[in-house]
Amino acid sequence: MSERKFAIVVDSACDMPKSYFKDNAVACVNLGFTMNNVNYEGDSGEKISEKDFYAKLRDGALPTTYQVTAEMAKPHIEKFLKKDLDVLVVAFSSALSGTAGSFMIAAKELGQDYPNRKIIVVDSLCASMGEGLFLDYVVKKADTGATLDETAKYAEKLKLHICHHFTVDSLFHLKRGGRVSATTAIVGSILKIKPVMHVDDNGKLVPVGKCIGRKKSLYALVENMFKTADLGKDDPIFISHGDCIEDAEFVKGLILQRLPQAQITINYIGAVIGTHAGAGTVALFHKGKKR
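Next comes the structure, spelled out in structure tokens:
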């Protein structure tokens, strides 16, 4: 690994294990949420485990999320500028959050104070471990000794090849966030319809199918993956889950039946994404020919 020539900053919507940031020298800016009148995460909120978050969600808590603001983002970028390092920021999809816009404002304002330094913000158009997978490719590119501009150019070409497939166990939280109508949620609940969705080229969540029953929706994730996959032997596959590890492991097993050497990482869907997707969500991410 060559010495990295610039710093990398990301936000916590990438849902990567905390150890990843330390092991790969990536700075992470925490998005936050409010639940039962308590502020969590962010720079100064209370901490909560994913397990406890989903337990509260299942008990009826209705959290609300807040994005990274420009003022929150600035210190995470500026600490590198003070060390005479340029900065690449990988941001949560602008179609789902204002966080990317906040990073861009912060970069513009800091650029005035540090005219000899360069800050590039890449709108990943990705979410959850899709953003995490995108980040991982970017980190590996940077670690080859690529310059900031070379890495940013690589990232822009790559981002629409990061495929997202996911299904939810309940339509309630998608309805609450305005992703589906109340009628769709009610009918879907009665008929046990499980939507299969993806993130499109605009970074938005869109439905691509629906299944009757949970198992069929998990099979559909894997089928959709193999329709779009463009994987070499070293390309990783990520799975995230809303406190349903058995279903995530089931999806992993289906993939390994067809790709025995696949490198698969599983992690929780964090609270910010989980607020909008709900407990029981399973998501699958990989590099593909197209989304």
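Take 775 as the starting number for the sequence shown in this note's numbering and just add one per residue. Glycine is no exception: its CB is placed at the ideal position from the N, C-alpha and C atoms. Treat the numbers as computed from the prediction; the structure is a model and nothing was measured.
Item                                                                                                                                                                                         : Value
Mind checking who Leu-979 pairs with in its DSSP beta bridge?                                                                                                                                : Val-973
At what residues does the beta strand (DSSP E) containing Lys-1061 begin and finish?                                                                                                         : 1056-1061
So, is Asn-813 buried or exposed, given that buried needs 16 or more other C-beta atoms within 10 angstroms?                                                                                 : exposed
I'd like the span of the beta strand (DSSP E) that includes Ser-1092, first residue to last.                                                                                                 : Residue 1092 cannot be examined here, being either before or after the span of the chain that is shown, 775 to 1065.
Check each candidate in Lys-978, Asp-1021 and Leu-992 and name the one with the smallest Cα separation from Val-970.                                                                         : Leu-992
Just to confirm before moving on: does the CB-CB distance between Gly-1048 and Asp-1021 stay below 9 angstroms?                                                                              : no
Does the Cβ of Gly-987 have 16 or more other Cβ atoms within 10 Å, making it buried, or fewer, making it exposed?                                                                            : exposed
Helix, strand or coil for Val-896, going by three-state DSSP, please let me know.                                                                                                            : strand
Helix, strand or coil for Ile-1043? Go by DSSP, reduced to three states.                                                                                                                     : coil
Answer yes if the segment 852-862 comes into contact with the segment 882-898, meaning at least three C-beta pairs across the two stretches below 8 angstroms, and no otherwise.             : yes
In this structure, does DSSP put Gly-987 in helix, strand or coil?                                                                                                                           : coil
Can you give the Cα-Cα distance for Ile-782 and Val-800, rounded to whole angstroms?                                                                                                         : 5 angstroms
Let me know if Leu-836 comes out buried or exposed under the rule of 16 or more other beta-carbons within 10 Å of its beta-carbon.                                                           : exposed
Within the chosen definition, does the segment 1004-1015 reach the segment 975-982 through at least 3 CB pairs nearer than 8 angstroms?                                                      : no
With a cut-off of 8 angstroms, do at least 3 Cβ pairs link the segment 897-904 to the segment 1054-1064?                                                                                     : yes
Check whether the Cβ atoms of Lys-933 and Leu-899 sit closer than 9 angstroms, and answer yes or no.                                                                                         : yes
My understanding is that Tyr-1042 touches Asp-789, with C-beta atoms under 8 angstroms, so please give their C-beta distance in whole angstroms.                                             : 7 angstroms
Counting beta carbon pairs with one atom in the segment 910-917 and one in the segment 873-881, are three or more of them shorter than 8 angstroms?                                          : no
For Leu-922, is the classification buried or exposed, using 16 other Cβ atoms within 10 angstroms of its Cβ as the cut-off for buried?                                                       : buried
Ser-867: which of Asn-810, Ala-829, Glu-930 and Lys-848 sits nearest, CA to CA?                                                                                                              : Glu-930
Straight-line CA distance for Val-1046 to Leu-1033?                                                                                                                                          : 31 angstroms
Assign Lys-848 to buried or exposed, taking buried as 16 or more other Cβ atoms, counted over all protein chains shown, within 10 Å of its Cβ.                                               : buried
Who are the Cβ neighbours of Lys-1064 in its own chain at under 6 angstroms, not counting the five residues just before and after it?                                                        : none
Starting from Asn-813, follow its DSSP beta bridges and name the residues at the other end.                                                                                                  : Thr-808
In chain order, what residues of the same chain lie with their CB nearer than 7 angstroms to the CB of Ala-1036, ignoring the 5 residues before and after it?                                : Ile-1011, Ile-1029 and Leu-1030
Helix, strand or coil for Cys-1018? Go by DSSP, reduced to three states.                                                                                                                     : coil
Kindly list the residues whose CB is nearer than 8 angstroms to the CB of His-821, restricted to its own chain and excluding five residues on each side of it in sequence; keep chain order. : Note that residue 821 is Lys in the sequence shown here, rather than His. So the qualifying residues of the chain are Tyr-814 and Glu-815.
When DSSP builds the beta bridges, which residues end up paired with Asp-923?                                                                                                                : None, per the DSSP bridge assignment.
For Gln-886, count the other beta carbons within 10 Å of its own beta carbon; 16 or more makes it buried, fewer makes it exposed. Which is it?                                               : exposed
Beta strand (DSSP E) containing His-938: first to last residue?                                                                                                                              : 936-941
From the DSSP output, read off the bridge partner residues of Ile-1029.                                                                                                                      : DSSP lists no partner for Ile-1029.
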